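Q: Below is a structure I'd like to ask you about.
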Amino acid sequence: MNDLKRLALPALAAAVLASTLSGCAPLMLGGAAVGTMVAVDRRTSAAQLEDETIELRAASRLGEVLGSLAHINVTSYNRQVLLTGEVPDAASKQLAEQTVTKVDNVRSVINELAVMRASSLTQRGNDVYITGKVKATLVDAKDLTATAFKVVTERGTVHLMGRVTQRESERATALVRQVSGVTRVVRAFEIISEEELARIAPKAPTPAAAPVSAAQPASAAK
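So the sequence shown is numbered by our numbering: it starts at 13 and just counts up by one.
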């Protein structure tokens with residue numbers, strides 16, 4: 013538990029710093045409380061780069077149309093964009109979705125924005141902590157590949173993204189629902205078949221054979 017708290021503190025500090033520099037309602041890339049484990053990713057490298065570009069463009073355009081009126085997190089996975097955070101009214105929520113839909117290469121938009129006052133720094137810090145616990149839970153599950161999941165937490169609601177099989181989706185959802193502090197789980201998965209998973213899953217490296225050296229003749233006894 014102490015290790016998780018230590019992991020959460022840097023992320024919380026970054027969120028606080030971003031809020032201080034950008035005003036009371038910053039636009040965040042990848043979510044205010046997002047965990048993306050740096051390791052095996054089931055997206056191609058080109059898709060990962062494209063997602064980063066989408067996040068940057070979407071955040072920039074949202075800043076132009078909404079400014080400091082909203083606190084919006086933009087997370088793109090395989091060109092599917094998730095919007096989380098808070099906006100002042102229904103019109104702003106609709107405008108945010110329309111704005112992001114027009115960004116180049118966006119395939120679809122999942123609009124999870126809430127019409128309410130922006131969340132507090134305390135709440136965002138708690139979301140970071142919940143994300144850490146969710147990631148740890150997925151790592152502990154030996155029948156799941158934790159790096160296949162992207163986790164976004166907003167006001168206790170955990171959003172799960174990734175390219176996963178139906179089995180992985182159901183297993184991960186059941187585990188996350190048991191994490192303390194999680195009030196709701198939203199699945200934004202791209203479901204793939206077990207056959208496709210077998211094709212894209214990294215193969216374990218074949219152990220190298222030990223070098224064989226010629227036997228040296230024993231020294232003659234003197």
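Every residue gets a Cβ at the ideal spot worked out from N, C-alpha and C, and that includes glycine.
Model, not experiment: these values are computed from the prediction.
Would you please state the rounded distance, in angstroms, between the beta carbons of Val99 and Ala70? I believe it to be under 8 Å.
A: For this step, residue 99 is matched to residue 87 along the sequence shown. For this step, residue 70 is matched to residue 58 along the sequence shown. About 14 Å separates the two Cβ atoms, so there is no contact after all.
Q: Can you tell me whether DSSP reads Lys145 as helix, strand or coil?
A: Taking the first residue of the sequence shown as 1, we reach residue 145 at position 133. Three-state DSSP puts Lys145 in a helix.
Q: Compare the C-alpha of Glu166 against each of Lys105, Gln135, Leu74 and name the closest.
A: Translated into positions along the sequence shown, residue 166 becomes position 154. Glu166 has its Cα closest to that of Gln135, out of Lys105, Gln135, Leu74.
Q: To which residues does DSSP link Arg196 through a beta bridge?
A: Residue numbering aside, residue 196 sits at position 184 when the sequence shown is read from its first letter. Paired residue(s): Thr169.
Q: Excluding the 5 residues flanking Gly168 on each side, which residues of the same chain have their C-beta closer than 8 Å to its C-beta?
A: In the sequence shown, the residue the question calls residue 168 occupies position 156. Asn138, Asp139, Ile142, Gly193, Val194, Thr195, Arg196, listed in sequence order.
Q: Identify, in the order they occur along the chain, each residue of the same chain with its Cβ nearer than 6 Å to the Cβ of Gln92, setting aside the five sequence neighbours on each side.
A: Within the sequence shown, numbered from 1, the residue matching residue 92 stands at position 80. Once the five neighbours on either side are set aside, the close Cβ partners of Gln92 are Arg119, Ser120.
Q: Return the chain-ordered list of same chain residues with a C-beta closer than 8 Å to the C-beta of Gln60, the five sequence neighbours on each side being excluded.
A: One-based indexing of the sequence shown puts residue 60 at position 48. Asp53, listed in sequence order.
Q: DSSP three-state call for Asn138: helix, strand or coil?
A: Mapped onto the sequence shown, residue 138 falls at position 126. If DSSP states are grouped into helix, strand and coil, Asn138 belongs with the helices.
Q: Skipping 5 residues on each side, what residues in its chain have a beta carbon closer than 7 Å to that of Ala94?
A: Here residue 94 is taken as the residue at index 82 of the sequence shown, counted from 1. Here residue 94 is Leu; the residue named in the question, Ala, does not match the sequence. Once the five neighbours on either side are set aside, the close Cβ partners of Leu94 are Thr87, Ile122, Glu124, Val164, His171, Met173, Ala200.
Q: Grouping DSSP H, G and I as helix and E and B as strand, with all else coil, what is Val99?
A: Position 87 of the sequence shown, counted from the first residue, corresponds to residue 99. In this structure, Val99 counts as strand in the three-state DSSP scheme.
Q: Where does Gln190 sit, in a helix, a strand or coil, going by DSSP?
A: Your numbering for residue 190 matches position 178 in the sequence shown. It is coil, neither helix nor strand.
Q: For Arg175, which three-state DSSP category applies?
A: Translated into the one-based positions of the sequence shown, residue 175 becomes position 163. Strand.
Q: By DSSP, does Ala126 sit in helix, in strand, or in coil?
A: By one-based count along the sequence shown, residue 126 stands at place 114. The answer is strand: DSSP assigns Ala126 an E or B state.
Q: Apart from the five residues just before and just after Cys36, which ones in its own chain have a Cβ nearer than 6 Å to its Cβ?
A: Within the sequence shown, numbered from 1, the residue matching residue 36 stands at position 24. Annotation note: pLDDT 40 at Cys36 (below 50); position unreliable, no value reported.
Q: Okay, do the region 181-191 and the region 143-156 touch, 3+ Cβ pairs below 8 Å being the bar?
A: Flag = yes, the region 181-191 and the region 143-156 touch.
Q: I'd like to check one pair, Ile84 with Leu74: are the Cβ atoms closer than 7 Å?
A: Position 62 of the sequence shown, counted from the first residue, corresponds to residue 74. Position 72 of the sequence shown, counted from the first residue, corresponds to residue 84. Yes. Within cutoff.
Q: Taking Thr240 as part of the beta strand (DSSP E), name the residues at either end of that continuous run.
A: The first residue shown for the chain is 13 and the last is 234, placing residue 240 beyond what the model contains.
Q: Start and end of the alpha helix (DSSP H) containing Asp63?
A: As a working mapping, residue 63 is identified with position 51 in the sequence shown. From DSSP, the alpha helix (DSSP H) with Asp63 extends over 57-78.
Q: Nearest chain D C-beta to Val140 closer than 7 Å, yes or no?
A: This model lacks chain D altogether; it includes just one protein chain.
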